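Colleague: Supplied in structure tokens, the structure appears directly below.
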Amino acid sequence: MTSRALDVLRTSPEAAELAAYPFNVDLGRADHLEAVHLASGTPMAPWAGDDTGGTYFHCAGGGVLYASSDGAAGLIADSIDEALETLIGLHCWHDLLHHLPPDADDATLTAAVTEAEEDFAEYYGAGLDADRRRLLGLLGLREQAPAALVRRLHDALLRTEPDFLLLNSAEGLAHALLDGLPRRPLWESVLAPGRSDLAALRSDPGVLAAVAADPARRAGVLWAARYDPRADDLPALRDLAAAGFGADPPLSAAAFTEPGVLPDGVPPDPADANPLIWTALALRQGRTELARAALIRLLDDAGPRDAALLDGLAAQFGRIGDHRQAARARHLFAALQDDPSERAAALADLAAHRRRAGDPEEAGRALRQAAALLTHAPSAPPGGGASANALFVLEQSHRPRPDPGALRAVADQCFRLAEVRAAAAGVDPTGDVYAVLAGTLPAAPADAGTERHSDGEAAGAPAGPG
């Protein structure tokens, strides 16, 4: 998408100089400090920056995203022309992002702009307004009322997520929101369609067939009824539950098929529910970017007590094909597993996501770690004498044997990774894949021997195609 104003900036030294100072839109500062990309995959390109290290990006579709040097980002306009109108008309726009309520009237917004610009206007001199009009005229842009510009800026910022969530490319972490404006919680957004359908069902039972035929609408109504229970809804809810729930955890048909299950008194608060319920419902509704943004925020905030959350995050990222974020979640989950077999199984899944994300080297690293957990036996203490050696043998005899499921998972992923490597090397994967596989697993320790299993396979050996 072209911008006449940007073309003028690039060809007119006078306009470019005025834009850079005093309005801090400098075409010579378009190199951002780190590699970044949008979580949605939408292409974008930098076109200007400011003297704080922040960068303005032009996104496919026209939107302009600003990324600060301290890890915050936000959509500030729907086009470069709108962005320039805002940046020139509101030199102090950074000061208007956190303390103004969204419903403030024009007088309040105008007073806030006037106050924010007073110090700079005093420093710059009386010519600030004249230079503003001059630059807008050179660019062919409109001079607009400050209150209108603030409202437009706030409207754009509130649409930053989900489509314009900015990530650090090296680690996949999300940037903080640029503003402090209040936002609708995820549960409220994804429950809204179900609440609307539930209200329609209560006034017109004929809507039931259409709702029951749509898995997303069906799930939405059932969840909405859970948080707004009425005994009169039970017959319709039983019919919806009988139509199936798919994979929506943790709701089950039993919740709406027995009389009296709807609670008396105050219903539960959806804000207290497992957040993965709402991301799963968003995915069922086809709102992939809404779910992705929420999942990334949950992953960024996850800690050592969140093993179950990390497990669910990896599964949902895998469901939408975001294998890089799934690998982030599975890596953290694996680190929290104390049991060797459970950690090895988690590492096998981590390897699968890294392979699918196009990183076979890191996939191989995860599989080597998993294989070591399942095959390594420590050496007997040297020079320990007969008693020490007997004790060692006794201790080793009580070590838990690797879980067959973990062994199969690791072997399967080794085979799949070997197929990728064989194909990359120009080797027929159906004939020589095991030769490539031999370089995937670590050699067994010399003193560990070969542990045999009931299925006749050595520990860590390939189990063949899954």
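1 is the number of the first residue of the sequence shown in my numbering; add one for each residue after it. Using N, Cα and C, we set each Cβ at its ideal position, and we do this for glycine too. Since the model is a prediction, treat every value here as computed from it, not as a measurement.
In whole angstroms, what separates the C-alpha of S68 from that of A77?
Modeller: Using only the alpha carbons, I get a separation of about 15 Å.
Colleague: Helix, strand or coil: which one does DSSP assign to L165?
Modeller: If DSSP states are grouped into helix, strand and coil, L165 belongs with coil.
Colleague: Please say whether R355 and L417 have beta carbons closer to each other than 9 Å?
Modeller: Result yes, Cβ atoms of L417 and R355 sit closer than 9 Å.
Colleague: Using DSSP with H/G/I as helix, E/B as strand and the rest coil, what is T279?
Modeller: Note: T279 maps to helix in three-state DSSP.
Colleague: Taking Cβ positions, are R319 and L299 nearer each other than 9 Å?
Modeller: No, they are not a contact pair.
Colleague: Could you tell me the alpha carbon to alpha carbon distance between A371 and L38, rounded to whole angstroms?
Modeller: One C-alpha to the other measures close to 35 Å.
Colleague: What distance in whole Å lies between the Cβ atoms of L332 and A293, which are believed to be in contact at a cut-off of 8 Å?
Modeller: 19 Å between Cβ atoms; not a contact.
Colleague: Quick one: measure Cβ to Cβ for A15 and L6, integer angstroms, because I've assumed they're closer than 8 Å.
Modeller: A15 to L6, Cβ: 10 Å. No contact.
Colleague: Apply the 10 Å Cβ neighbour rule to D338 and answer buried if 16 or more other Cβ atoms are within range, or exposed otherwise.
Modeller: Result: exposed.
Colleague: With a CB to CB cut of under 7 Å and the five nearest residues on each side skipped, what residues in its chain are close to G312?
Modeller: If we look at G312 and ignore the five residues flanking it on each side, its Cβ neighbours are L276.
Colleague: Which residues bound the beta strand (DSSP E) around T55?
Modeller: Taken as a continuous stretch (DSSP letters only), the beta strand (DSSP E) holding T55 covers 55 to 59.
Colleague: From the DSSP output, in three-state form, read off G206 for me.
Modeller: Of the three classes helix, strand and coil, the one that applies to G206 here is helix, per DSSP.
Colleague: Under a three-way DSSP split, which group does H37 fall into?
Modeller: Note: H37 maps to strand in three-state DSSP.
Colleague: I need the boundaries of the beta strand (DSSP E) containing P46, first residue and last residue.
Modeller: Counting along the chain, the beta strand (DSSP E) containing P46 begins and ends at 44 to 49.
Colleague: Check the C-beta distance from D232 over to A225 and give it rounded, since I have them as a contact under 8 Å.
Modeller: Not quite, the Cβ-Cβ distance comes to about 11 Å (not below 8 Å), so this is no contact.
Colleague: Give every residue of the same chain whose Cβ lies closer than 7 Å to the Cβ of R330, excluding the five residues on either side of it in the sequence, and list them in chain order.
Modeller: Correct list, in chain order: A314, A346, D349, L350, H353.
Colleague: What number of angstroms, rounded off, separates the C-alpha of A334 from the C-alpha of S341?
Modeller: If I take the Cα positions, the gap works out to 11 Å.
Colleague: Could you tell me which uninterrupted alpha helix (DSSP H) segments, each at least 4 residues in length, are contained entirely in the segment 72 to 151, listed from first to last along the chain?
Modeller: Entirely contained in the segment 72 to 151, the alpha helix (DSSP H) runs reaching 4 residues are, in chain order, 80 to 89, 106 to 124, 128 to 139.
Colleague: Hey, quick one: how far does the beta strand (DSSP E) through L65 stretch, first residue to last?
Modeller: Segment 64 to 67, the beta strand (DSSP E) holding L65.
Colleague: Could you have a look at L6 and say whether DSSP puts it in helix, strand or coil?
Modeller: DSSP places L6 in helix when its eight states are reduced to three.
Colleague: Below 6 Å CB to CB, which residues in the same chain sit around A20 once its five sequence neighbours on both sides are set aside?
Modeller: Around A20: D26.
Colleague: Per the contact definition of three or more C-beta pairs closer than 8 Å, is the segment 141 to 151 in contact with the segment 110 to 122?
Modeller: Touching, yes.
Colleague: Rounded to whole angstroms, what is the Cα-Cα separation between A72 and T2?
Modeller: Straight-line Cα distance between these residues: approximately 27 Å.
Colleague: Within the chosen definition, does the segment 267 to 283 reach the segment 208 to 215 through at least 3 CB pairs nearer than 8 Å?
Modeller: Not touching, per the Cβ criterion.
Colleague: Which whole runs of the alpha helix (DSSP H) in the segment 401 to 427 are 4 residues long or more, in chain order?
Modeller: Segments of the alpha helix (DSSP H) lying fully in the segment 401 to 427: 404 to 424.
Colleague: So, helix, strand or coil for D214, using DSSP?
Modeller: Three-state result, D214: coil.
Colleague: Grab me the residues of P179's own chain with a C-beta within less than 7 Å of its C-beta, minus the 5 sequence neighbours each way, in chain order.
Modeller: In the sequence as presented, Pro is not what sits at residue 179; that position holds Asp. If we look at D179 and ignore the five residues flanking it on each side, its Cβ neighbours are G74, L97, H98, L157.
Colleague: Just tell me which of P229, A200, L281, R202 has its CA closest to the CA of L191.
Modeller: It is L281 whose Cα lies nearest to the Cα of L191.
Colleague: Quick check on E17: buried or exposed, where buried means 16 or more other Cβ atoms within 10 Å of its Cβ?
Modeller: It counts as exposed.
Colleague: Grouping DSSP H, G and I as helix and E and B as strand, with all else coil, what is L181?
Modeller: Correct three-state label for L181: coil.
Colleague: Leaving out five residues before and five after A35 in sequence, what residues of the same chain have Cβ atoms less than 7 Å from its Cβ?
Modeller: Around A35: S169, A170.
Colleague: Round the Cβ separation of L367 and Q413 to the nearest angstrom and send it over; I've been treating them as touching at under 8 Å.
Modeller: Right, their Cβ atoms sit about 6 Å apart.
Colleague: Straight-line CA distance for A219 to A236?
Modeller: Using only the alpha carbons, I get a separation of about 13 Å.
Colleague: Are the CB atoms of F120 and H91 within a distance shorter than 9 Å?
Modeller: Yes, these two residues count as a Cβ contact at 9 Å.
Colleague: Please confirm whether W223 and G194 have their CB atoms less than 9 Å apart.
Modeller: Yes.
Colleague: Just curious, the alpha helix (DSSP H) that I296 is in, first and last residue?
Modeller: Segment 288 to 301, the alpha helix (DSSP H) holding I296.
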